[in-house]
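Notes for the one structure printed next.
4 protein chains.
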Amino acid sequence: MIKKQEVIPSMIKNQRLVQERRQQIVEGAVRLFIEKGFHKTTTREIARECGLSIGTMYEYIQSKEDVLYLVCHYIHSLLLEKLHSISSHHLTAKEMLASSLTQYFQIMDELRPYVVLIYQETKSLPSEQMKLVLAREEEITLFFEQMLVRGIEDGSFQIPPSSVRLTAHNIVVLGQMWAFRHWALRKMYTLKEYTEKQVSLLMIEIQGVRR
Amino acid sequence: MIKKQEVIPSMIKNQRLVQERRQQIVEGAVRLFIEKGFHKTTTREIARECGLSIGTMYEYIQSKEDVLYLVCHYIHSLLLEKLHSISSHHLTAKEMLASSLTQYFQIMDELRPYVVLIYQETKSLPSEQMKLVLAREEEITLFFEQMLVRGIEDGSFQIPPSSVRLTAHNIVVLGQMWAFRHWALRKMYTLKEYTEKQVSLLMIEIQGVRR
Amino acid sequence: MIKKQEVIPSMIKNQRLVQERRQQIVEGAVRLFIEKGFHKTTTREIARECGLSIGTMYEYIQSKEDVLYLVCHYIHSLLLEKLHSISSHHLTAKEMLASSLTQYFQIMDELRPYVVLIYQETKSLPSEQMKLVLAREEEITLFFEQMLVRGIEDGSFQIPPSSVRLTAHNIVVLGQMWAFRHWALRKMYTLKEYTEKQVSLLMIEIQGVRR
Amino acid sequence: MIKKQEVIPSMIKNQRLVQERRQQIVEGAVRLFIEKGFHKTTTREIARECGLSIGTMYEYIQSKEDVLYLVCHYIHSLLLEKLHSISSHHLTAKEMLASSLTQYFQIMDELRPYVVLIYQETKSLPSEQMKLVLAREEEITLFFEQMLVRGIEDGSFQIPPSSVRLTAHNIVVLGQMWAFRHWALRKMYTLKEYTEKQVSLLMIEIQGVRR
DNA sequence: AATGAATGAGCATTCATTCAT
DNA sequence: CATGAATGAATGCTCATTCAT
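Residue numbers (the UniProt record's numbering), protein chains in the order written: chain P, 1 to 211; chain F, 1 to 211; chain E, 1 to 211; chain X, 1 to 211.
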């Protein structure tokens, strides 16, 4: 599911090296993109930041947009990895979901600048790569959707089938919201407070009261 | 509330002319920004699109970022105007809110590209202007917050005071979500379905079940 | 016939200025192209040579290839202009042709570097512009073709119709040859000697001996 | 006469290997140069096309210009080889020349893209190598010059000594013209027609009518 | 002898902004 | 007030060549 679908060609043959150098590039670029945005970051800056010469960097990518794609891919990988490592050895489906949500909100807090970056720069990708990134974004939704489906199947949740996906979207968005509205939310709530309130709301939605 | 807080100096004295020309600029720019984004739009294109010469345009702004600020300001004006014109001659606070939410979702649908633009380009503003734009964004939240407060005061809603603002944020975000996740949501829901489900969820939140 | 078919768009509105500046560009570029060839000349060098800033130069052209096109166009204009100003107030068609040939060879000598440039760089043009340049090249052939036709019509020349165009091509090429084989020819012949011999040969061809 | 005048140093000692690899390089490069020109072909492309690594290729050349020189040398070798293999077991000098001319025109047709390449890219050679290439070009002229001299000596041809070399040049150029003016000539003549007309013209020149 | 990763000077081109008219 | 020609620093990207392995 988190398959590394590398669509970007490289001039370099040694695949191990390609992986390694691209990791370097991504790590340098992500810092800069967060700090000043994709458009205001120059390829020269990226090269300097990741310790490669401009020429060498271009042996591993084809265009500046490729760097953005690699960065988005990397962020989604981080996110999906953390998501899938969520511990779920709980007894009831309800408990498991609540715990997952809490952990998800925690992740959103940790990756706050990354989440904002994805939100703001995905649109700068060439359409082909944008599609791939959006597909990965949907994977996150799918993660929660499947969790919900399991709860429905064992009778724990009462969400009508037509609402399952929307509920998953709501979960995802209310989590990301902590990142992209942080400028406002932080003035009133701590992560803990925010998490408690939103999880509580989502649990109501999931238990199907009045739906 | 929708006070035109003009922070942008102009070379031109005649204030009526300044208003008029800036409206021209905004209307041209917004089309282009939606189509190709702020960074990929050139000042020349903006001038051409709004029927001014590049020189004349610069008599009314100081930098390209000013245009972005004017555009953001304009979008928020549109939004706030529509929001404040929401009809509210209903009997109960509950009914009034439900109707407002429905109308708000309708507005989000109409202004979809504008909402997305605000989401993606606000970060390109100089920090001073970004603050002003975010303040206007909070005004939208405030609109719903006040509506909730009225409902609480007359006993219709049971939201703990500490959650009022968050609920307002939730309303705003679940509305904007129809715009910025439209690429995924449109595959499953019509605006009507989306509105019904989300309004229903928000009404539960507001009526304070298990909170 | 020497119609200035300007196909190259410019950012500048004032057409007189466009003409003037392009003339500047062409005059600078032609010197450099002759000296070092099209590919080894940089746009910065062209700008410097013609006294424009690089930015200003690009207001009058769209690409480096455009400069090459303008240069080719200019050279053909020079050539065609000189060709059409060939005096031809002679009595017989035969005399007129001989004189024209002599003057044509004289022109080829004067424009030697230009002729070589056209020969070597036309292929670097985008195909659309190459076609236009080749069409102008054919105009030169046409010039002699028409002269031959007139001589045939009044009975002075005995060239079969199917050979008229080839004869015109031969005239043109034997003239250009003085330019592009000059490195070898100059070792043995002066322009005068070369002209006499080739004109004499061409006159035989035209008088149709054994054809 | 077709002596391989190797002026290009190599890192490799084994001369047989040097010959072999350079042949590989030339065969790859000539295809690319014809297709897209010398300047628009990259060394990487040449290496790929000839099946060598870029590093290996550079063991056998010193610069990209060296490849161009090798290519020019190769083309001249092809040309001179074909030229010298022209069958000449005819009786009279006149017949022999006519046959040679016909076969030469045939060769020019076969090698059309090569001839054009030489015409357009020789100027890109460093002057030292350009001289060598031009010397080989003169060898072609010399081939015909010698044929003419033999005809003069046995009384078959009546060309004044001062015109022999020019006549040889004319032969060479009228042959090459079929290649470099093919874009125009092909519209009116087949190779056969072209050959007949030009050979006929050249035979007049050689038989010295009115000279 | 072969390889291919690394280099960075250099290139064509863009574009926000200015300012003389 | 309006115009649009002029500017040049800055940008993304290329590619011939080298050299450690």
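Here a beta-carbon is modelled for each residue, glycine too, at the ideal position from N, C-alpha and C.
Because the structure is a prediction, the values reported are computed rather than measured.
Cutoff 7 angstroms; reference Ala47(E); Cβ partners in own chain excluding five residues on either side: Ser53, Ile54, Met57
Short CB-CB distance (under 8 angstroms) between Tyr119(P) and chain F: yes
Reference His89(X), options Lys82(X), Ser99(X), Glu81(X), His76(X), closest by Cα: Comparing C-alpha distances from His89(X) to each of Lys82(X), Ser99(X), Glu81(X), His76(X) shows the shortest one belongs to Ser99(X).
Selected residue, minimal CA-CA separation from Arg136(P), among Ile61(P), Ile12(P), His76(P): The shortest C-alpha separation from Arg136(P) is found at His76(P).
Glu153(P) Cβ short of 7 angstroms to the ligand GDP heavy atom set: This structure lacks the ligand GDP; in fact it carries no ligand of any kind.
Simplified DSSP state of Arg181(E), which is helix, strand or coil: Taken through DSSP and simplified to helix, strand or coil, Arg181(E) comes out as coil.
Cut-off 8 angstroms between Cβ atoms - residues of its own chain near Leu125(F), not counting five sequence neighbours on either side: Glu65, Leu68, Tyr69, Cys72, Val133
Three-state secondary structure (DSSP) of Asp109(X): helix
Backbone secondary structure at Gln158(P) - three-state DSSP: coil
Where Val7(E) falls, given that 16 or more other Cβ within 10 Å makes a residue buried: Residue burial is scored here from C-beta neighbours: Val7(E) has fewer than 16 other C-beta atoms within 10 angstroms and is therefore classed as exposed.
Distance CB(Thr167(E))-CB(Glu128(E)) smaller than 8 angstroms: Glu128(E) sits away from Thr167(E), with the two beta carbons spaced by 8 angstroms or more.
The alpha helix (DSSP H) enclosing Ile206(X), as first and last residue numbers: 191-206
CA nearest to the CA of Asp109(F), picked from Phe180(F), Thr41(F), Leu142(F): The shortest C-alpha to C-alpha distance from Asp109(F) to any of Phe180(F), Thr41(F), Leu142(F) is the one to Phe180(F).
Buried versus exposed, by CB contacts within 10 Å (16 or more), Gln158(E): exposed
CB of Leu185(E) within 8 angstroms of CB of His84(X), strictly: no
Whole-number beta carbon distance between Gln198(F) and Phe105(F), since they are thought to touch under 8 angstroms: 7 angstroms
Nearest residue (CA-CA) to Arg112(F), options Glu138(F), Val30(F), Glu145(F): Val30(F)
Residue from Ser162(X), Arg44(X), Glu49(X) with nearest C-alpha to Glu27(X): Glu49(X)
Member of Glu121(X), Ile34(X), Val172(X), Glu153(X) whose CA lies at the smallest distance from the CA of Glu139(X): Val172(X)
Interfacial residues, the region 164-175 of chain X to chain E, with Cβ spacing under 8 angstroms: Arg165, Leu166, His169, Asn170, Val173, Leu174
Amino acids of chain P, ordered along the chain, whose beta-carbon sits closer than 7 angstroms to that of Lys123(F): Gly37, Gln120
Below-8 angstroms beta-carbon distance, Tyr189(X) vs any chain E residue: yes
CB contact below 8 angstroms: Lys197(E) versus chain X: yes
Burial state of Ser163(X) (16 or more Cβ within 10 Å): Counting the other Cβ atoms within 10 Å of the Cβ of Ser163(X) gives 16 or more, which makes it buried.
Delimiting residues of the alpha helix (DSSP H) encompassing Leu17(X): 15-36
Pair within 8 angstroms by beta-carbon distance, Tyr60(P) and Val18(P): In this structure, Val18(P) lies closer than 8 angstroms to Tyr60(P) by Cβ.
8 angstroms contact criterion, which Met147(P) and Leu79(P) should meet: CB distance rounded: With 8 angstroms as the limit, Met147(P) and Leu79(P) do not qualify as a contact, their Cβ atoms being about 16 angstroms apart.
7 angstroms CB neighbourhood of Gln24(E) in its chain, flanking five on each side removed: Cys50, Gly51, Leu52
Residue-chain proximity (Met108(E), chain X), Cβ-Cβ < 8 angstroms: So no, Met108(E) is outside the interface.
Cβ neighbour criterion (16 or more within 10 Å) applied to Thr141(E): buried
Inter-residue spacing [alpha-carbon to alpha-carbon] between Lys123(F) and Ser200(P): 31 angstroms
C-beta neighbour in chain E for Ile204(X), strict 8 angstroms: yes
Coarse secondary structure for Ser124(E), derived from DSSP in three states: helix
Runs of alpha helix (DSSP H) lying entirely within the region 49-83 of chain F, each at least 4 residues, in chain order: 54-60
For Arg186(P), three-class secondary structure by DSSP: coil
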